[in-house]
Every structure is written in C-alpha cells, then in structure tokens.
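Those protein sequences? They're chains A and B, same order as listed.
In terms of the working numbering, the first sequence is residues 736 to 1215.
In terms of the working numbering, the second sequence is residues 6 to 464.
Cβ atoms here follow ideal geometry from the backbone N, Cα and C, with glycine treated the same way.
Model, not experiment: these values are computed from the prediction.
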Amino acid sequence: MATPYDILIIGGGPGGYVAAIRAAQLGFKTAVVEREHLGGICLNWGCIPTKALLRTAEIYHYAEHAKDYGLKLEGKITYDPAAVVKRSRAVSGQLNGGVGFLMKKNKIDVIWGEATITKAGEVSVGKPKKQPVQPQHPAPKGTLGEGTYQAKHIIIATGARPRVLPGIEPDGKLIWTYFEAMVPPEFPKSLIVMGSGAIGIEFASFYRTMGCEVTVVELLPQILPVEDAEIAALARKRFEKQGIKIFTGTKVTKVEKGGNDVTCTLDDGKGKTSTLKAERVISAVGVVGNTENLGLEKLGVKIDRGMIAIDEVGRTNVPGIYAIGDVAGPPMLAHKAEHEGTICVEGIKGLHPHAMDKLMIPGCTYCQPQVASVGLTEAKAKEQGLQLKIGRFPFIGNGKAIALGEPDGLVKTIFDAKTGKLLGAHMVGAEVTELIQGFVIAMNLETTEAELINSVFPHPTLSEMMHESVLDAYGRVIHT
Amino acid sequence: MPTNILMPALSPTMEKGNLAKWLKKEGDQIKSGDIIAEIETDKATMEVEAVDEGVLAKIVVPEGTADVPVNDVIAVIAGEGEDAKAVGAAGATPPAKKADEKPKAEAPKQEEKATPAPAASTNGSGQAAPQAAAPQPQQQTNGAGRVFASPLARRMAKEGGLDLAAIQGSGPHGRIVERDVKAAIEGGTAKKAQPGAPAAQPGAPAPKLAPAGMSDEIVKKMFEPGSFDEVPHDGMRKTIARRLTEAKQTIPHFYLTVDCDIDALLKLREQVNASAQKDKDGKPAFKVSVNDMVIKALALALTRTPGSNVTFTENAMLHHKHADISVAVAIPGGLITPVIRKADMLTLSGIANAMKDFAKRAKDRKLKPEEYQGGTSAVSNLGMFGIKDFVAVINPPQSSIIAVGMGEKRAIVKNGEIVVGNVMSVTISCDHRAMDGAKGAELIAAFKQLIENPMAMLV
C-alpha cells in the first residue's frame, strides 16, 4: 500500500484545489480526489464560462450601440450560438487544464474517481455513480485510480448542485439548470428564469442581450435578495428598461411541458394566478450541498440543514475530517471556498489562522449593469440597531463614467456613525465588480472614514465614486 | 469664520499639557484677554487667555483631559454674526499639522533632541518664556515604541478611554484590531487611560516614562492582586520619571564630598537676621536660612571658578555669565525646582525673600514654567530630615548639583586639637562631559571656602 497522505481532499473545485496547493506549500503530502472535472463547477460550469458568455453579450451590446460612440458598423450584427458556446467552453477548458498543471507543479496527486470515507483516515475511491455532465473536458493524464487511500486529514470539498423544486424537476431539454443554459444548441426565443439570485440574473441578462424574451420570477419581494434593497431596485429598473419582465413575490406553482415550450403557472401570493408560456425555463432557485455517498452518516459527521457543520477552522465533529466551501454552508461562492480551504489547511499545520469574517466576503453579479457588494446592507445594519452614516454617489456625477457612456449606477457606503467603521459597500453599474475589492481591503484593514477620505483616488476613474460616496456619508461630497 | 483655539505652548519645551479646567462654558461670550481655561503643564498650572472675540461655540477637549498635544484644537469660537450652534455642530477643522515647520532657530539642537529646556536662550534675553513661541514640533518617536493598531481599533480605544499599549494585539504581526479592543472593553482587561486621554496617535504614541524595564502588567503580576492601590501618575510624576531617567542615563556623573565647618556661618546668620528691620507687627523684613547662604555660596563659587558655570551641548560648551541656582523644593506629590536667577548678584536677604515666595507658590503649583526651567547648578538639601550626606541627580541643562546634609555637632580637629564643631557634609555631582574632576574639586573647594568664611559672601 502507498504511503499515507498527510492531507487528502475530496473535490477539486476552487476550494479543494486551492487547499491542496496551500497544503503542498506547507510541506504536506497531498492528494485531491476528483470524479468529474478539475476546477469544479466554478471553472467548468459556473463563474468562468458564464463570464465568457456575458462578455459576448457585452460586446454584442456595444456593437449594436456603435453609433453612440461615432462608429459605423455596416450591415446587421448577428451571432452564431454554437460559436458563442464554443468560445465559452474553450475558456473553461484552458483553465481546467491550468488546474491540472498546478497540481503537477505542486506535486499533488490527483486521484480520479468518486470517494467514500470508509473510516477516519481512510478513503475508498471507486467509479463515479454520477454521470458526468457533457461535454466533458478531457480527463487529466497521470492520475491515480480506484483503490483505498490512507490520509491523516481528510477535507471534504464536494461543492453543491442545483436545488430541485418538487414537480419542477429539470429535464435537460425544456427545463434547464445552469448546465444546459450554458451550452444550448441554439438560443431560445423566450425564456422564464425561476429565481433572481446571481445565477438567475446573469442568465436573464445574457439571454436578454442576445435578443431573447426573458421573464424573471422571484419568490421574494426583491430581486437579488441578498443585495441592498436600494441597489436591487436600481438594477431592476435597468433590467426592465432592457425589456426583462420581472415578477417578485411570485411563485411558480406548476410547469407544464409542451412539445417545444413550457407553460408556467404563477401565483402572486395574493390569490391571483396566471400562466406564462416560453420556450425554456431555467431553474435557478439555489444550490444544495453534495453531502451524499461520502459515508458521512456512518461516521457520524454532523449535517445541519443539508450542510456539513464545521467550526471556524473547518473541523467537523469527527476528528480528522474537515469540510470547506459550498458543502459547508453559505455564502456559496468560489472565493469563500478558496479562503476556507486555506484556513483549514493552516489550522491543520497549527498556524492559528483567524476565522473568516463572512461579512467581509464580497459578492459580485456580472449582469448588465453589474452589482457588487460587501458587508451589511442598510436594512441589516438597521436591524442591528446601529446609528448609520450613509453615502451615495451616482455614476452620472463621474467623469469617467460619462466618457465610457455608462451614466447609470450608484455607489453606496454605510458607516457606523459612532466609530466610523465601514459596515458595508454596495454598488451597481459598469465595472463595479472590479471596484469592490477596494472596500474589501478597507474593511479588512479596519479603516475608518478618515483613512478613506484621506486616500487619493486617481482621476479620472470610476473609483473616484468610491471616494465621493464616503465623502457624501460625511456631508462632504464634491460632485453632486 | 469660526476660530479654533489651540492648545498653547506655554513654554519652549512644552509638548503637551493637561486641560485642567474650563473657566468658560459653551455659549459664553468671550472677550479678548478673558481667561478661558487652565492648563496643567509638567509642573505648573497656567491660565489660557482668549485672543479672539466671539461666542465659545464648542469645547472640543473636555476638562480633565490629560496629555493634550500642543496645537490640538481645544475649542472653537464663533465670530460675530455666526450661529454658535452651527459652528459647534460642524466642529473645527484641525489645522494642518505643521510637521514641516522649522524648529525655532535659536535652539535647534535642543528641540531636535527634545531634551533639556533651552535655558540659555530664555535666560540670556532675561525674558520670560515667550507666549507666542513657535509651535513645538510633536515629539518624534522612533519606531521602537510604536503601537501598531488598526485605525478602527485606535478610534474605539480612544472612545472607550482605553490605553492601547495595554492591549494585546491579535492581528497580523501582533497588530491591535477591532476584536482586541472589543474584548478589552468587555473583559475590562485594558487599563483605563487617563480620563479622556487621547489614545496613542498613529506613529506617535505616548513616550514611555522609562525606556526599558518590565511592562506594567508583568510588574503587577509580581504582587498579590489587591495587595496594592494603583495611583495613576500625574504630570509631575511623569516628568520627574522621564527627565531623571534621561539625566542618569545620558550624563556621566561623578561625585566629590567635603565637610564644611559652619560655626562661622551660623554665627553670621544670627547677626544678619538680628539686623533685619522689623515692621510695626514685629515681623522682620527677612529671615535668612542656612540654605539661602548655601545658594549664595554656590552662586559665587560658580562665578569665581572659571569653567564650572557651564552647560554641555553637543557642539559647544555654554559658559554662563551668571549663576542661576535651581533649588529643589519638596511639595505634596513630588518635587519642583524653582530657579534663583543671577543668585551671584543677589543679597542674602534677596535670596531669602525669593525663596519664601517660590516655596509658597510651589506648594500651590502656581509656578510658571520660566520660573522652574533652566538653571546652571542646583541645591538639594535634605539636612532637615537628618540626612548626613547623599548624592543627587543632575537636572539638565545644569552641569552640577550639590547635595547638602545636616549641620551637626561633630568632633573635629582644629589647630591640632579635637574640639566640637558644627559640620555640614556637602557632595557635589558633576557632569563629566562639562567638567573634569579637578574642575569639580576646584568648584567645591571654592564653595567650602565661602561657607567657612561667610563674610566673603557679604562683600
């Protein structure tokens, strides 16, 4: 039998592979078990390929508005759905191969197959019970195969999958999840998106830009439910202006499948029902952790509401077994998984990492306009009974935004009036997903409004709006 | 325009002071020249006069606040026609930090080193420390004493009145972060800073009283909890600790002891005091003490011993033309050293009356900085406590100090015979940088000569 691993990680997604690299850096003999695709959902069916699709949509949008910038594009701009999808898959494939390279470079063993923890310190790897989603990137070379592996520490990083509503089970043809929505043979003419979280809204935005009739149905009273209400309302206005129909506080109670269409029954919660017909439905009503078939029940690993319960450094209640990322609870974001993986491995090393402050995890939605945020929303801050100072700065007051032809958007900052602590930052508008990290750093360094006010922001940039928003919170705004 | 009232520099070396008392309250009409507040400096309480007119819109630094840096805004005055409330609410904008401001030209060295009071310059002009002295630069602290803390942690510690230095940091590289301050507030583990004392400024924390040694926490752990009362230092204690530590560490001291026969001196003193005119209540116009005669003798010895009435500076020796004798006066809670200026020129009765006035005002802590700063040598007398002899620590910028013991009857040898005489032991401490052993011996011999032949002091 091979020498036991120090750390074996089940799942090669962003949580798992980053944890593996950190473990290798710290001198641990490390292995990753993966049954389907290195890089996980993020690289293969999530963050990355959708960004590729949205980039296509963005360029298409600009091309259609070329004359706004003094350009003449002759003829009609069209697109080839197969080529759009092909580009997205190529981007994904490149990064998927990159993860394989990183594993080799860091001398991390990749074990190909599906893992079950047979007992503490032992993992059995067999053939995957789950059919891989197609099309698959080629499996990496030089992987280890099925068998029994020993490891002192086992980290579960198995991620999550789309939540299925009873009676509205995705069939891969008429009722899609993000998997099918990402690789459609052709783009539907009409689409109903169930759920207005990041996944739902990004697909709604993509398909609408590509010319599809899109309706978003959200159960909660607000789209982008985790975002600040003011920001979400501004985003909604923009989406509706683009022609996306939005129903909030509305439930899809039934989906009837036709030959090449579906009919949804909607309940507005006040006793009124209606029907809506479209070619396809995307079910984007959240994700659930992959806790099954790991042998957790037998080992007595505690699972709470579908998520593996962990302490602040990723330990489960069973010694030697850890969990990170989506399977260990929200927010289900790649960067949160990566960070948890690092903390977990450093904890094993005895480096006493600090527990992650989930309030400092930024969230980004790459729709048009983009939405980005970190920290408390205004409503949440008020719930905590805090006295607030709130600053707002609109894109219309920013020179760079005007030059870009992106005059719509808002940067909102929320401070604790008593201490000057930056509690939250919320943005909607062009490129805000690239701006938010400024506030993330500020929060991590525990700056107060004073340091932000005293920082020099380059002109002309969109980032000046971050400065102005802080100035506004303290009654010192310049450009409004 | 609302006007900021800044923490004044009441003496050339003043870096910060305690805001002892507000004599005006928010909303009061202020006229130029009004006394608006009392500032407690190192050793004295001073009054702050208003320069501008208007309404006191806002008191920024509450009374009882310790260690307010010079030039910090302490209050805001609303000018004529301005809404005092609005001005007060808006607060004052702190003035631009005058970091680039050059130190006063006449005493650049001292200021750079932030050490002794520039006695020479104040003294030479014969003027009191100028009120309008150029703003003193903040004390430059080297990196070693810096407390690393996040801006939020600093602010929270300040609001909570906690001393950052007493908080253990748990952030990267031991940086103090929000959770540490929260824990300190909840657990009550951090000691309270002086009431309302500002938390350490970024990059310029409160200078340590003693540069080395164990932390407060470690020291306290060596005693049974509850077996002691903890009395926070006042400004005087801090100054004594800082200046004397500095003196003993930077000045190479050497000591010379002589026994002085004071029979003649005691006799002369009686005669002098008997000659004092009496007023109608029978009170004499003066009463000269032995100590007054010691002051006079030291002053004359200094001026008569070339090279002994000096101050050592980095690049030059300051040879003083007059002897300013600093006299240690014990007061409740500490010690202060009023300076008898030009003691070589004063009569015994002049010295006696000056000392009487100083002693009274010292006890009330009403001495002005220019009255206790500077000096070229000093007298410390513990004779009244029955001390036979001792050695004293030189107080910069002085270069010597004499420690005077008790005058007592001793068996002495006079003209080859053992007789009983009144003898007083005196030990001089000298700054070896300023004078060598022979020079010190010459000085103390001249002193002894004057004490034993006191008539020479009268002419």
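If you draw a straight line from the Cα of Lys802 (chain A) to the Cα of Leu1187 (chain A), it is about 39 Å long. Counting of Cβ neighbours within 10 angstroms places His796 (chain A) among the exposed residues, the total staying below 16. Taken through DSSP and simplified to helix, strand or coil, Ser430 (chain B) comes out as strand. Within chain B, no C-beta atom comes less than 8 Å from the C-beta of Leu955 (chain A); the nearest is roughly 32 Å away. By the 16-neighbour rule on beta-carbons within 10 angstroms, Met241 (chain B) is buried.
With distances taken between CA atoms, Ser385 (chain B) lies nearest to B:Ala397 out of B:Glu68, B:Leu323 and B:Ala397. The beta carbon of Asn358 (chain B) sits closer than 6 Å to the beta carbons of Phe291 from its chain, once the five residues preceding and following it are set aside; these are given in chain order.
In terms of beta-carbon proximity, Lys1156 (chain A) lines the interface with chain B, with at least one pair separated by less than 9 Å. Three or more beta-carbon pairs separated by less than 8 Å are not found between the segment 17-26 of chain B and the segment 54-62 of chain B, which leaves the two stretches without contact.
The C-beta distance from Ile300 (chain B) to Val428 (chain B) rounds to 19 Å, too long to fall under 8 Å, and the pair is not in contact. Under DSSP, the beta-bridge partners assigned to Met929 (chain A) are A:Val952 and A:Ser1018. Rounded to whole angstroms, the separation of the alpha carbons of Leu24 (chain B) and Arg1050 (chain A) is 53 Å. Counting only residues of its own chain and dropping the five nearest sequence neighbours on each side, Cys1079 (chain A) has a CB closer than 7 Å to the CB of Ala754, Ile890, Val1048, Gly1049, Tyr1057 and Ile1059.
Within the segment 1174-1202 of chain A, the residues whose Cβ lies closer than 8 Å to some Cβ of chain B are Leu1180, Glu1181, Thr1182, Thr1183, Ala1185 and Glu1186, listed in chain order. CA-to-CA, the gap between Pro1195 (chain A) and His1214 (chain A) works out to about 13 Å.
Nearest neighbour of Val75 (chain B) by Cα position, chosen from B:Val53, B:Lys347 and B:Ala83, turns out to be B:Val53.
For a cut-off of 8 Å, the C-beta gap from Pro1065 (chain A) to Arg973 (chain A) is around 26 Å, too long to register as a contact. Secondary-structure assignment with DSSP links His258 (chain B) through a beta bridge to B:Asp436. DSSP places Arg366 (chain B) in the helix class (H, G or I) of the three-state scheme. Under the Cβ distance rule, His1089 (chain A) counts among the residues neighbouring chain B, one pair being separated by less than 9 Å. Within chain A, the residues Thr1154, Gly1155, Lys1156, Glu1181, Thr1182 and Thr1183 have their CB atoms less than 8 Å from the CB of Leu157 (chain B), given in chain order.
Under DSSP, the beta-bridge partners assigned to Glu857 (chain A) are A:Lys854 and A:Gln885. For Val81 (chain B), none of the residues of chain A pass the 8 Å Cβ criterion, the least Cβ distance being about 17 Å. Judged by DSSP secondary structure, Arg415 (chain B) falls within the beta strand (DSSP E) whose first and last residues are Ser405 to Lys419. Nearest Cα to Met389 (chain B) within the set B:Ala348, B:Glu457, B:Pro156 and B:Glu413: B:Glu413.
For Gly22 (chain B), the uninterrupted beta strand (DSSP E) run begins and ends at Lys21 to Trp27, by DSSP. Distance from the CA atom of Phe452 (chain B) to the CA atom of Asp349 (chain B), rounded to whole angstroms, is 12 Å. When C-beta distances to chain A are compared with 7 Å, the residues of the segment 171-191 of chain B below that value are Val182 and Glu183, in chain order.
The beta carbons of Ala1165 (chain A) and Glu1141 (chain A) sit closer together than 9 Å. The continuous alpha helix (DSSP H) containing Val277 (chain B) extends over residues Asp268 to Ala279. According to DSSP, Ile1043 (chain A) shares a beta bridge with A:Ile1038. Its chain contains Arg770, Glu771 and Glu849 as the residues whose beta carbon lies nearer than 8 Å to that of Lys865 (chain A), once the 5 sequence neighbours on both sides are disregarded; these appear in chain order.
Under the Cβ distance rule, Met161 (chain B) counts among the residues neighbouring chain A, one pair being separated by less than 9 Å. Assigned with DSSP and collapsed to three states, Cys1102 (chain A) falls in coil, not helix or strand.
In the structure shown, Phe1192 (chain A) falls within a coil segment according to DSSP collapsed to helix, strand and coil.
The segment 994-1012 of chain A makes no contact with the segment 1120-1138 of chain A: fewer than 3 CB pairs, one atom from each, lie closer than 8 Å.
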